[in-house]
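**Student:** When we follow my numbering, the leftmost residue of the sequence shown carries the number 5, and every step to the right adds one.
In this text, a Cβ means the ideal position worked out from N, Cα and C, and glycines have one as well.
First the structure, then my questions, so here it is.
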Amino acid sequence: MDSAAKKSNKLWQGAVYLSLAAIVIKILSAVYRVPYQNIAGDVGFYVYQQIYPVYGIAILLSTYGFPVIISKLMSERESAKHEQIIKSAFFSLFLISFFVFIVFYVNAPFLANVMGDELLITPLRAVSFTFFVIPLLSVMRGYFQGKEEMLPTAVSQVTEQITRVCAILLFTYFLMSSGFGPYAAGTGAAIGSVIGGFIGFIVLYSYYIKQKGTVQSQHQTNNRICFEKVKTILVQGTMVCFSSLILIIFQLIDSVTVLRFLLESGIHIEIAKVSKGIFDRGQPLIQMGTIITTSFSLIVVPLIAKVKLGGRGDLVQKYSSLSLKISFLVGAAASIGLAVIIEPTNVMLFKDNQDSVVLAVMGLAIVFTALFLTSSAILHGLNKVYVTVIHVIVGTLIKLLLNVVLVPILGTLGAAIATVVACAVCATLNLIFLSRLQVLQRVSFSIGSKVVISLIALGTVTYLWKKTNFIIFDELLYSRIGSSFVALSSVAIGITVFLIFIIVSKLFSEQELEYLPKVGKLAVFMQSKIGK
Numbered sequence: 005m006d007s008a009a010k011k012s013n014k015l016w017q018g019a020v021y022l023s024l025a026a027i028v029i030k031i032l033s034a035v036y037r038v039p040y041q042n043i044a045g046d047v048g049f050y051v052y053q054q055i056y057p058v059y060g061i062a063i064l065l066s067t068y069g070f071p072v073i074i075s076k077l078m079s080e081r082e083s084a085k086h087e088q089i090i091k092s093a094f095f096s097l098f099l100i101s102f103f104v105f106i107v108f109y110v111n112a113p114f115l116a117n118v119m120g121d122e123l124l125i126t127p128l129r130a131v132s133f134t135f136f137v138i139p140l141l142s143v144m145r146g147y148f149q150g151k152e153e154m155l156p157t158a159v160s161q162v163t164e165q166i167t168r169v170c171a172i173l174l175f176t177y178f179l180m181s182s183g184f185g186p187y188a189a190g191t192g193a194a195i196g197s198v199i200g201g202f203i204g205f206i207v208l209y210s211y212y213i214k215q216k217g218t219v220q221s222q223h224q225t226n227n228r229i230c231f232e233k234v235k236t237i238l239v240q241g242t243m244v245c246f247s248s249l250i251l252i253i254f255q256l257i258d259s260v261t262v263l264r265f266l267l268e269s270g271i272h273i274e275i276a277k278v279s280k281g282i283f284d285r286g287q288p289l290i291q292m293g294t295i296i297t298t299s300f301s302l303i304v305v306p307l308i309a310k311v312k313l314g315g316r317g318d319l320v321q322k323y324s325s326l327s328l329k330i331s332f333l334v335g336a337a338a339s340i341g342l343a344v345i346i347e348p349t350n351v352m353l354f355k356d357n358q359d360s361v362v363l364a365v366m367g368l369a370i371v372f373t374a375l376f377l378t379s380s381a382i383l384h385g386l387n388k389v390y391v392t393v394i395h396v397i398v399g400t401l402i403k404l405l406l407n408v409v410l411v412p413i414l415g416t417l418g419a420a421i422a423t424v425v426a427c428a429v430c431a432t433l434n435l436i437f438l439s440r441l442q443v444l445q446r447v448s449f450s451i452g453s454k455v456v457i458s459l460i461a462l463g464t465v466t467y468l469w470k471k472t473n474f475i476i477f478d479e480l481l482y483s484r485i486g487s488s489f490v491a492l493s494s495v496a497i498g499i500t501v502f503l504i505f506i507i508v509s510k511l512f513s514e515q516e517l518e519y520l521p522k523v524g525k526l527a528v529f530m531q532s533k534i535g536k
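Okay, here's the thing in structure tokens:
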């Protein structure tokens, strides 16, 4: 195998590592919130969700934003300058992170007051320590990715998330069972998140020490900080992960506005906290619904970039249209299915069925988030990152405006509607821009009708199955075990019916299926089963 082939194989192997790591992280990130809510209760979940956006922004920057740009700078320059890039990145990110930490720590009382709950001061100060993790993780991950070694990054990401989840749940259980209350549990969760970040760094640093022991630098480098590189890392790093920040930004808006508006509308503070905590149940549901799409987007970016570089405009159009078709189908099926079985799902995951209508509305954001993330990945592959930044800003302003208007009138239902509308606007703007670039195929009436029929079949059969079970076993709604059976069996039946309709209607051509990795055999299976 020649050097070019070895390099290509190494890159694809690295992409597999990162994709698998992203899937594991997304699953853990979505799932652990359920036992957390079960342990800490709705008020405890409210506390955690109030401080989570701060952690989420910091970790996204240190996972997707800054490492990508650091690795890009390294790949564009000769190895003699790699050490200067790393040192410039570390010292600049450390100084900025330290400054942000000080500002955040000192102003925690002000932010808690803005949120309408002064008891959040300590949890907010605890989560501010997350900013110290940014330079440590960003530089190490950027270093290895710049050397085209993705395994250390993947291992550190998974280790960090597992450690974080375990620490959060252990701290929460200990503090709640010891009678310290939900705010102490929120503080413990913040500390657990910081611990996870430092463990992730230790894993990376062990790889770094091992490599340094076998490879000695032969170059004398200029160790001064290069401010041009600092600017590039900060600006482009933030832009790269901006599309991934959309839900976290919306959560931050909800953290700042929802409780305050509920209090101003005359709701008692303890009732308002519980209401916000129940509303926050929608976040893990959205995350679970977009796991497949988020992981799929990791493949789309290099695939689109590769065929675009090769001048294959026809393949850019086919890959883009196919990825959006899959994202829409998965997202729409998840949204409709969740809306139908929201009551038993609510009981299964969170012990009761409070505000199920609010959560059903929140679930509609899944389809629009799926479309936005996939279309953003396509735009990134086409080197149009700035477009998604503009669209997220527009969506953020719409979300904020709708929260201001709707929450005082409709409560948390208004916040849910605001999230769905803002996600829909972001997705629509992305799709309009892609259409103007002429990288999307026109959707025929035949394809559109097949999609609608398949989704109707999914919703109808799932609803009838759920209704039949509750008619026969009318106490199931109030039983967690019974609700779990109804929810899980409904999911299985709904997915089966949906896949049958997709296959029977030949919604995907054999050629489309063959474009997807490892799906060529499925095309043969479809042909043999469905007919000539």
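(1) Just curious, the alpha helix (DSSP H) that ILE394 is in, first and last residue?
(2) Please classify ARG168: is it buried, with 16 or more other beta-carbons within 10 angstroms of its beta-carbon, or exposed?
(3) Go to PHE489, then tell me how far its alpha helix (DSSP H) extends in each direction, as first and last residue.
(4) Classify PHE49 as helix, strand or coil using the three-state DSSP reduction.
(5) Secondary structure at HIS272, three-state DSSP: helix, strand or coil?
(6) Could you work out which residue in ALA276, GLU87, LEU410, LYS151 is closest to ALA422 when comparing CA atoms only?
(7) Quick check on the DSSP output: what are the complete alpha helix (DSSP H) runs of length 4 or more inside the region 142-191, in order along the chain?
(8) So, VAL371 versus LEU417, is the Cβ gap smaller than 8 Å?
(9) Rank GLY463, SER458, ASP46, TYR56 by C-alpha distance to the C-alpha of ILE252 and give the top, closest one.
(10) Report the three-state DSSP secondary structure of ALA329 (helix, strand or coil).
(11) Look at the alpha carbon of ALA171 and the alpha carbon of THR134, and state the distance between them as a whole number of angstroms.
(12) Nearest by alpha-carbon distance to ILE340: which of LEU406, VAL351, ILE499 is it?
(13) So, at 6 Å on beta carbons, what are the nonlocal neighbours of GLN41 in its own chain, with the 5 sequence-adjacent residues on each side left out?
(14) Beta-carbon within less than 7 Å of LEU128's beta-carbon, same chain only, minus the 5 sequence neighbours each way: which residues are those?
(15) Could you tell me which of GLY335, LEU263, PHE512 sits nearest to MET292, measuring between CA atoms?
(16) In terms of alpha-carbon separation, which member of GLY452, VAL58, TYR147, ILE413 lies closest to VAL198?
(17) Among residues of its own chain, excluding the 5 on either side of LEU24, which ones have a beta-carbon nearer than 6 Å to its beta-carbon?
(18) For the alpha helix (DSSP H) containing GLN445, name the first residue and the last one.
(19) Beta-carbon separation of ILE345 and SER494 under 8 Å?
(20) Do you know whose CA, among SER509, ASN473, LEU406, VAL424, lies nearest ILE451's CA?
(21) Given 8 Å as the limit, is there contact between the region 119-126 and the region 148-157, that is, 3 or more CB pairs closer than that?
(22) Helix, strand or coil for GLN287 per DSSP?
(23) Spatial neighbours of HIS395 within its chain, please: C-beta separation below 7 Å, excluding the five flanking residues on both sides.
(24) ASN357 by DSSP, collapsed to three states: which one?
(25) Is the beta carbon of PRO412 less than 8 Å from the beta carbon of GLU268?
(26) Restricting to Cα atoms, I'd like to know which of SER160, TRP469, PHE437, ILE397 is closest to TYR211.
(27) Can you tell me whether CYS430 is helix, strand or coil according to DSSP?
(28) Can you tell which of THR176, GLN358, LEU438 has the C-alpha that lies nearest to the C-alpha of GLY281?
(29) Label VAL219 either buried or exposed according to how many other C-beta atoms from any shown protein chain fall within 10 Å of its C-beta, with 16 as the threshold for buried.
(30) Give the DSSP-derived three-state secondary structure of THR466 in the structure shown.
(31) So which of ILE89, LEU462, GLN321, ALA189 has the shortest CA-CA distance to VAL131?
(32) Using a 10 Å radius around the Cβ and a threshold of 16 neighbouring Cβ atoms, would you call GLY463 buried or exposed?
**Tutor:** The structure says:
(1) Numbered from its first residue, the sequence shown carries residue 394 at position 390. Unbroken alpha helix (DSSP H) run through ILE394: 389-414.
(2) Mapped onto the sequence shown, residue 168 falls at position 164. Looking at its Cβ environment, which holds 16 or more other Cβ atoms inside 10 Å, ARG168 is buried.
(3) Counting from one through the sequence shown, the residue named residue 489 turns up at place 485. 484-508 is the extent of the alpha helix (DSSP H) around PHE489.
(4) To locate residue 49, count along the sequence shown from 1; it is residue 45. DSSP places PHE49 in helix when its eight states are reduced to three.
(5) As a working note, residue 272 is residue 268 in the sequence shown. It is coil, neither helix nor strand.
(6) Taking the first residue of the sequence shown as 1, we reach residue 422 at position 418. Per the Cα distances, LEU410.
(7) 155-181
(8) As a working note, residue 371 is residue 367 in the sequence shown. As a working note, residue 417 is residue 413 in the sequence shown. Not closer than 8 Å, so no.
(9) Working through the sequence shown from its first residue, we reach residue 252 at position 248. Nearest of GLY463, SER458, ASP46, TYR56 to ILE252, Cα basis: TYR56.
(10) As a position in the sequence shown, residue 329 is number 325, starting the count at 1. Sequence inspection shows Lys at residue 329; the Ala mentioned does not correspond to that position. Helix.
(11) Position 167 of the sequence shown, counted from the start, is the residue given in the question as residue 171. Position 130 of the sequence shown, counted from the start, is the residue given in the question as residue 134. Going from the Cα of ALA171 to the Cα of THR134 covers about 15 Å.
(12) Locating residue 340 in the sequence shown gives position 336, counting from the first residue. The shortest Cα separation from ILE340 among LEU406, VAL351, ILE499 belongs to ILE499.
(13) Sequence index remark: in the sequence shown, residue 41 carries index 37 (1-based). Within the same chain, GLN41 has close Cβ partners PHE49, PHE354.
(14) Residue 128 sits at position 124 when you count from the first residue of the sequence shown. So the list reads ILE55, ALA112, LEU115, ALA116, once near-sequence residues are dropped.
(15) In the sequence shown, residue 292 corresponds to position 288, counting from 1. Checked all of GLY335, LEU263, PHE512; the closest Cα to MET292 is GLY335.
(16) Against the sequence shown, residue 198 aligns to sequence position 194. Ranking the options by Cα distance to VAL198, first place goes to VAL58.
(17) Position 20 of the sequence shown, counting from 1, holds the residue named residue 24. Excluding residues within five positions, none has a Cβ falling inside 6 Å.
(18) Here the question's residue 445 lines up with position 441 in the sequence shown. Element bounds for GLN445: n/a, residue is neither H nor E.
(19) Position 341 of the sequence shown holds residue 345. Position 490 of the sequence shown holds residue 494. Going by C-beta atoms, ILE345 is nearer than 8 Å to SER494.
(20) In the sequence shown, residue 451 corresponds to position 447, counting from 1. With distances taken between Cα atoms, ILE451 lies closest to SER509.
(21) no
(22) Taking the sequence shown and counting its residues from 1, the one referred to as residue 287 is at position 283. Three-state result, GLN287: helix.
(23) Here residue 395 is taken as the residue at index 391 of the sequence shown, counted from 1. So the qualifying residues of the chain are CYS430, LEU433, ASN434.
(24) Taking the first residue of the sequence shown as position 1, residue 357 is located at position 353. Three-state DSSP puts ASN357 in coil, outside helix and strand.
(25) Position 408 of the sequence shown, counted from the start, is the residue given in the question as residue 412. Position 264 of the sequence shown, counted from the start, is the residue given in the question as residue 268. Cβ atoms of PRO412 and GLU268: closer than 8 Å.
(26) Stepping through the sequence shown from its first residue, residue 211 is reached at position 207. It is SER160.
(27) Stepping through the sequence shown from its first residue, residue 430 is reached at position 426. The answer is helix: DSSP assigns CYS430 an H, G or I state.
(28) Counting from one through the sequence shown, the residue named residue 281 turns up at place 277. Checking every option, the nearest Cα to that of GLY281 belongs to GLN358.
(29) Reading the sequence shown from its first residue, position 215 is the one you call residue 219. Here the model assigns VAL219 a pLDDT of 49, short of 50, so the residue's position is not dependable and the matter cannot be decided.
(30) Numbered from its first residue, the sequence shown carries residue 466 at position 462. Here THR466 sits in helix by DSSP.
(31) Numbered from 1 along the sequence shown, position 127 holds the residue referred to as residue 131. With distances taken between Cα atoms, VAL131 lies closest to ALA189.
(32) Translated into the one-based positions of the sequence shown, residue 463 becomes position 459. It is buried - the Cβ of GLY463 has at least 16 other Cβ atoms within 10 Å.
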